[in-house]
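What follows is a set of notes on a single structure, which appears directly below.
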Amino acid sequence: QKHLLGIEGLHPEEIRTLLDLSETYVDLNRAASKHSDVLAGLTQINMFFEASTRTQASFEIAGMRLGADVMNMAMQASSIKKGETLIDTALTLNAMHPDLLVVRHPHSGAVNLLAEKVNAAVLNAGDGRHEHPTQALLDALTIRYAKGRLHRLSVAICGDIAHSRVARSNILLLGKMENRVRLIGPPTLMPSKIEEFGVEVFDDMEEGLRDADVVMMLRLQRERMDGGFIPSEREYYHRYGLDAEKLAFAKPDAIVMHPGPMNRGVEIDGTIADDINRSVIQDQVEMGVAVRMAAMDLLARNLRAARERERADA
Ligand code: CP
Numbered sequence: 122q123k124h125l126l127g128i129e130g131l132h133p134e135e136i137r138t139l140l141d142l143s144e145t146y147v148d149l150n151r152a153a154s155k156h157s158d159v160l161a162g163l164t165q166i167n168m169f170f171e172a173s174t175r176t177q178a179s180f181e182i183a184g185m186r187l188g189a190d191v192m193n194m195a196m197q198a199s200s201i202k203k204g205e206t207l208i209d210t211a212l213t214l215n216a217m218h219p220d221l222l223v224v225r226h227p228h229s230g231a232v233n234l235l236a237e238k239v240n241a242a243v244l245n246a247g248d249g250r251h252e253h254p255t256q257a258l259l260d261a262l263t264i265r266y267a268k269g270r271l272h273r274l275s276v277a278i279c280g281d282i283a284h285s286r287v288a289r290s291n292i293l294l295l296g297k298m299e300n301r302v303r304l305i306g307p308p309t310l311m312p313s314k315i316e317e318f319g320v321e322v323f324d325d326m327e328e329g330l331r332d333a334d335v336v337m338m339l340r341l342q343r344e345r346m347d348g349g350f351i352p353s354e355r356e357y358y359h360r361y362g363l364d365a366e367k368l369a370f371a372k373p374d375a376i377v378m379h380p381g382p383m384n385r386g387v388e389i390d391g392t393i394a395d396d397i398n399r400s401v402i403q404d405q406v407e408m409g410v411a412v413r414m415a416a417m418d419l420l421a422r423n424l425r426a427a428r429e430r431e432r433a434d435a
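Residue 122 is where the sequence shown starts when you use our numbering, and the numbers rise one by one after that.
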């Protein structure tokens, strides 16, 4: 693969390879010296057109630990503000010979479009409600560590599925790895025809969580609701917020996940989020750095091999 634009185009074997390599980076990140030089000589530009804490910080740390020259574009202070388009911005940066472009954009499909215009390898850091591939990969790695496998598990994804690129990428990845995916949420926040993805749909937490090995909570993504249905937080928490009573419907050893950012008291009770016996939310953040290191390592190998071939053909 030249780019990492989504889970949709990945083969299960490619997912396993990426997760195996990520494990080596988990070990490196826990070592006294966290440095490697696999990206030495390469330039990584992070372009975040939408707010981020975890994804931006972990891509930056990942690039630095692998020895890349890393630049974070301050998109809010860029010439986008003067009317420059996404494509002209991409072409301008492309002329500076970056090797890796990490892009987050509020519009679905914007990152794929940008990838067609540049020479660098492009990593999708989240585009609209379309995909967030590195989030699904770090979730998969977290599950594999906690459960010892990534197949034949029952995974409940709860909340605002309709506006969630995290849900979409996870549904694709977990399906490819032969897991059972159960979606729980209000019908107004459930995409139409989602059953075509091979998932089961529930609007009741007791039914949906029954026998789940993994409970993945999502926040209400109000920034993508276009003024449509916005439930009251109190009512939402009452019906769909994960508390001890609702978690008891899942398996006794079910793990609790959340991609962040969390809204405590809306989709999840704070004591559940902080319960180190059940919650793997901080593990997800740790895995995020390792997965992004692995993704950039693999894409850089492909990039270098393609450039070698071009040189040989010239
Ligand atoms: N999960 C996630 O994408 O978090 P950020 O928006 O903080 O990057």
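For glycine and all other residues, C-beta sits at the position ideal for the given N, C-alpha and C.
Three-state secondary structure assigned by DSSP to residue i
i	result
THR206	coil
ALA172	coil
GLY269	coil
MET414	helix
LEU131	coil
GLY188	coil
MET311	coil
VAL455	Given that the chain is displayed from residue 122 to residue 435, the structure contains no residue 455 and the question cannot be resolved.
HIS226	strand
LEU235	helix
ASN300	coil
MET196	helix
Rounded straight-line distance, which links the Cα of residue j to that of residue i
i	j	result
VAL406	ASP434	42 Å
PHE180	ASN167	8 Å
GLY386	HIS253	25 Å
SER173	PRO382	9 Å
LEU341	ASN398	25 Å
PHE323	VAL336	14 Å
ARG331	ARG343	28 Å
THR145	ALA242	22 Å
ALA161	ILE201	30 Å
THR392	GLN122	42 Å
GLY204	THR210	10 Å
ASP190	MET417	13 Å
TYR266	LEU293	20 Å
LEU363	ILE305	11 Å
Spatially closest choice to residue i from the options, by CA coordinates
i	options	result
LEU452	ALA283, ALA277, ILE305 and SER157	No information on residue 452 is available, as it lies outside the stretch 122 to 435 that the chain covers here.
GLN165	ILE208, ASP209, LEU214 and ASP248	LEU214
VAL239	HIS379, HIS124 and ASP404	HIS124
ALA178	SER200, LEU424 and GLY409	GLY409
ALA411	HIS251, GLN197, THR263 and LEU126	THR263
TYR361	MET338, ALA283 and PRO380	MET338
Contacts around residue i, its chain only, beta-carbon distance under 8 Å, and the 5 residues preceding and following it disregarded
i	result
ASP396	VAL377
THR138	LEU419
Proximity below 7 Å, CB of residue i to CB of residue j
i	j	result
LYS155	LEU163	no
ASP248	SER229	yes
LEU258	ALA283	no
ALA198	VAL223	no
Spatial neighbours of residue i in its chain, beta-carbon cut-off 7 Å, leaving aside the 5 residues before and after
i	result
ASP158	GLY188
PRO227	PHE170, GLU171 and GLY249
LYS367	MET326 and LEU330
Sequence-distant residues of the same chain with beta carbon closer than 6 Å to residue i, five excluded per side
i	result
VAL287	HIS253, GLN256 and PRO380
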